[in-house]
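Scroll down for the structure; my scribbles are underneath it.
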Amino acid sequence: MGLIEQLLKGDRRAAARAMRLVEDNYPEGREILKRVYPYSGRAYVIGITGPPGAGKSTMIDKLVKHLRKQGKKVGIIAIDPTSPFSGGAILGDRIRMQEHSLDEGVFVKSLATRGHLGGLAKCTDDIIQVMDAMGLDIIIVETVGVGQDEVDIVKTADTTIVVTVPGLGDDIQAIKAGVLEIADIFVVNKGDKPEADKTVRELKIMIDMSAPREDGWKPKVYKVSALKDEGFEELIQGIYEHKKFLEKTGRFESYRKDRLENLFLIMLKDKLANNLISKMKEKGIYDKLINEMFEKKIDPYSVVESIECECSIEGEKI
Amino acid sequence: MSQERKIKILIAKPGLDGHDRGAKVVARALRDAGFEVIYTGLHQSIDQIVQAALEEDVDAIGISILSGAHMYVFPTLMQKLKEAGLDDVVVFGGGIIPLDDIPKLKEVGVKEIFLPGTPLEEIIEWVKNNVKPRPVKL
């Protein structure tokens, strides 16, 4: 049985191998994605973001425990930053998820950003497809935690959760504007701390004072303690409520369509740019052009304006 | 789209051994050399190490043992990797391991052991030369 057939049957080794091929951009990886695409869309994607030290990984560990009690099969994609100097990375989120390390119903995949900005790895959507195809019910994506600009998660997840902790100094201010706006659910972790209730109150006030969201969803706030394993049943209820809201209002479909369109545009732009650059390098005009622009013999704006391409899509000329 | 083949290495601390500075130093050196390192943390069972290696589809596993349990850990690990279909993963190790035991470990399939005092450059060079991307088969 080939790798793809095994993957579709839920074989973990095949799935891991497939994810690696996709992650490293092998042509075989693209082949796998083409073949599993018809099977995608079944899993529910939960995005988890927030500042470092908020306890995202520990919180996910407990969340998974409760999801497993409900019989759900869970995938976790844990993303850590790549060193801009060496191109290497230390992926250490697994350390916080030890409780499930031998559970066959949980699959943990660590990814490095490899220079990609926005909080995710470039291949995150593709890895989600593979996890979906292997039969997982819920996929949790844990972003790189800086909490300022890591908002790409909202384009990838069905429900986006922003995690914070009490006593981060400015509390709410510590969560920067962009991240505040993307949350469907706020979670105050380390809820056993005395200032936790204050943080919950401040978040609720902030939500009440903000303009209502375009889709009509009012973000919920939950307090959890990963240490004491408290608050997770309520959080899961909240996630299900958001899911029901999306389905009832038709947003579930429309957001997923947006997600697909976003993915398509990224791949399209990549392909066109790379094709053009390869051709230029092949013909030996790339470096020459860069030099001419640098010596101000021509300007880059005119160069780009002058580009014209003949393209065809699915065999038809455009 | 260009290929972005990175070598992935699992650095693991099996058993009761509670000192991980060495493992962390090696992990950081590997990162600085451009590898992607998955660090498991302390007190891993062999089963946990094998599961992590499987899920992350690593190319190599580096085991750090200071507790003297190497003659149990390595052969058991090699056996379980084989059972999990991961026998093409390169296994190397370091820590407190007597010179006399190294040939026995190599006999069960451990590719190299790095004793205390080994310069990090030597480990990095060895990894670059001995850990390659595994062949693809759909």
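In order, the protein sequence lines correspond to chains E and A.
So the first sequence is residues 924 to 1241, counted in the working numbering.
So the second sequence is residues 45 to 182, counted in the working numbering.
All C-beta atoms in this analysis are idealised placements derived from N, C-alpha and C, irrespective of residue type, glycine included.
Being a predicted model, the structure only gives us computed values, none of them experimental.
Rounded C-beta distance between residue i and residue j? I'm assuming under 8 Å.
{"i": "residue 1002 (chain E)", "j": "residue 1036 (chain E)", "result": "6 Å"}
{"i": "residue 1142 (chain E)", "j": "residue 1128 (chain E)", "result": "Contact flag wrong, Cβ pair sits at about 12 Å."}
{"i": "residue 81 (chain A)", "j": "residue 1011 (chain E)", "result": "7 Å"}
{"i": "residue 103 (chain A)", "j": "residue 178 (chain A)", "result": "6 Å"}
{"i": "residue 100 (chain A)", "j": "residue 1032 (chain E)", "result": "7 Å"}
{"i": "residue 98 (chain A)", "j": "residue 935 (chain E)", "result": "6 Å"}
{"i": "residue 136 (chain A)", "j": "residue 155 (chain A)", "result": "5 Å"}
{"i": "residue 1110 (chain E)", "j": "residue 1067 (chain E)", "result": "Actually they do not touch by this definition, with Cβ atoms about 18 Å apart."}
{"i": "residue 1166 (chain E)", "j": "residue 949 (chain E)", "result": "About 34 Å; that fails the 8 Å criterion."}
Name the chain A residues whose beta carbon is nearer than 9 Å to that of residue i?
{"i": "residue 956 (chain E)", "result": "In chain order: nothing, as chain A lies at least about 12 Å away."}
{"i": "residue 1068 (chain E)", "result": "Ordered by position in chain A, no residue passes the 9 Å Cβ test against residue 1068 (chain E), which lies about 17 Å from the chain."}
{"i": "residue 947 (chain E)", "result": "47, 48, 49, 50 and 177"}
{"i": "residue 1225 (chain E)", "result": "Those do not exist, as residue 1225 (chain E) stays about 28 Å from chain A at its closest Cβ, beyond 9 Å."}
{"i": "residue 1006 (chain E)", "result": "75, 76 and 78"}
Distance, Cα to Cα, residue i vs residue j?
{"i": "residue 75 (chain A)", "j": "residue 105 (chain A)", "result": "14 Å"}
{"i": "residue 1079 (chain E)", "j": "residue 51 (chain A)", "result": "27 Å"}
{"i": "residue 939 (chain E)", "j": "residue 995 (chain E)", "result": "19 Å"}
{"i": "residue 1136 (chain E)", "j": "residue 86 (chain A)", "result": "45 Å"}
{"i": "residue 1083 (chain E)", "j": "residue 1213 (chain E)", "result": "42 Å"}
{"i": "residue 928 (chain E)", "j": "residue 941 (chain E)", "result": "11 Å"}
{"i": "residue 166 (chain A)", "j": "residue 158 (chain A)", "result": "9 Å"}
{"i": "residue 1055 (chain E)", "j": "residue 926 (chain E)", "result": "15 Å"}
{"i": "residue 1038 (chain E)", "j": "residue 1065 (chain E)", "result": "17 Å"}
{"i": "residue 77 (chain A)", "j": "residue 126 (chain A)", "result": "29 Å"}
{"i": "residue 1046 (chain E)", "j": "residue 1189 (chain E)", "result": "11 Å"}
{"i": "residue 110 (chain A)", "j": "residue 59 (chain A)", "result": "10 Å"}
{"i": "residue 149 (chain A)", "j": "residue 120 (chain A)", "result": "11 Å"}
{"i": "residue 1232 (chain E)", "j": "residue 122 (chain A)", "result": "55 Å"}
{"i": "residue 1235 (chain E)", "j": "residue 1192 (chain E)", "result": "14 Å"}
{"i": "residue 1057 (chain E)", "j": "residue 975 (chain E)", "result": "31 Å"}
{"i": "residue 1216 (chain E)", "j": "residue 1122 (chain E)", "result": "53 Å"}
Chain E partners of residue i, CB-CB under 8 Å?
{"i": "residue 153 (chain A)", "result": "Those within 8 Å of residue 153 (chain A) in chain E number zero; the least Cβ separation is about 19 Å."}
{"i": "residue 84 (chain A)", "result": "1017 and 1018"}
{"i": "residue 56 (chain A)", "result": "Result: empty, since nearest Cβ-Cβ is about 10 Å, beyond 8 Å."}
{"i": "residue 101 (chain A)", "result": "939, 940, 942 and 943"}
{"i": "residue 74 (chain A)", "result": "1011"}
Where does residue i fall in DSSP's three states?
{"i": "residue 1045 (chain E)", "result": "coil"}
{"i": "residue 167 (chain A)", "result": "helix"}
{"i": "residue 1030 (chain E)", "result": "strand"}
{"i": "residue 934 (chain E)", "result": "coil"}
{"i": "residue 983 (chain E)", "result": "helix"}
{"i": "residue 1149 (chain E)", "result": "coil"}
{"i": "residue 1087 (chain E)", "result": "strand"}
{"i": "residue 52 (chain A)", "result": "strand"}
{"i": "residue 58 (chain A)", "result": "strand"}
{"i": "residue 95 (chain A)", "result": "helix"}
{"i": "residue 1127 (chain E)", "result": "helix"}
{"i": "residue 952 (chain E)", "result": "helix"}
{"i": "residue 1025 (chain E)", "result": "coil"}
How about residue i and residue j: do their beta carbons lie closer than 8 Å?
{"i": "residue 1161 (chain E)", "j": "residue 1145 (chain E)", "result": "yes"}
{"i": "residue 1051 (chain E)", "j": "residue 1062 (chain E)", "result": "yes"}
{"i": "residue 1119 (chain E)", "j": "residue 978 (chain E)", "result": "no"}
{"i": "residue 1186 (chain E)", "j": "residue 1048 (chain E)", "result": "yes"}
{"i": "residue 66 (chain A)", "j": "residue 138 (chain A)", "result": "yes"}
{"i": "residue 1059 (chain E)", "j": "residue 998 (chain E)", "result": "yes"}
{"i": "residue 107 (chain A)", "j": "residue 117 (chain A)", "result": "yes"}
{"i": "residue 54 (chain A)", "j": "residue 96 (chain A)", "result": "yes"}
{"i": "residue 1085 (chain E)", "j": "residue 1112 (chain E)", "result": "no"}
{"i": "residue 1023 (chain E)", "j": "residue 1155 (chain E)", "result": "no"}
{"i": "residue 90 (chain A)", "j": "residue 114 (chain A)", "result": "no"}
{"i": "residue 168 (chain A)", "j": "residue 71 (chain A)", "result": "no"}
{"i": "residue 68 (chain A)", "j": "residue 88 (chain A)", "result": "no"}
{"i": "residue 986 (chain E)", "j": "residue 1199 (chain E)", "result": "no"}
{"i": "residue 1172 (chain E)", "j": "residue 1138 (chain E)", "result": "yes"}
{"i": "residue 134 (chain A)", "j": "residue 175 (chain A)", "result": "yes"}
Find the residues of chain E that neighbour residue i, judging by a C-beta separation of less than 7 Å, and give them in chain order.
{"i": "residue 95 (chain A)", "result": "1024 and 1025"}
{"i": "residue 77 (chain A)", "result": "1009 and 1011"}
So which residues on chain A does residue i lean against when the C-beta distance must stay under 7 Å?
{"i": "residue 1033 (chain E)", "result": "82 and 100"}
Along chain D, in chain order, which residues have C-beta atoms closer than 7 Å to that of residue i?
{"i": "residue 951 (chain E)", "result": "No chain D appears in the structure shown, which is made up of the protein chains E and A."}
Given the structure, does residue i come close to the ligand MG, in the sense that its CB is under 7 Å from one of the ligand's heavy atoms?
{"i": "residue 51 (chain A)", "result": "What this structure holds is no ligand at all, so the ligand MG is not there to describe."}
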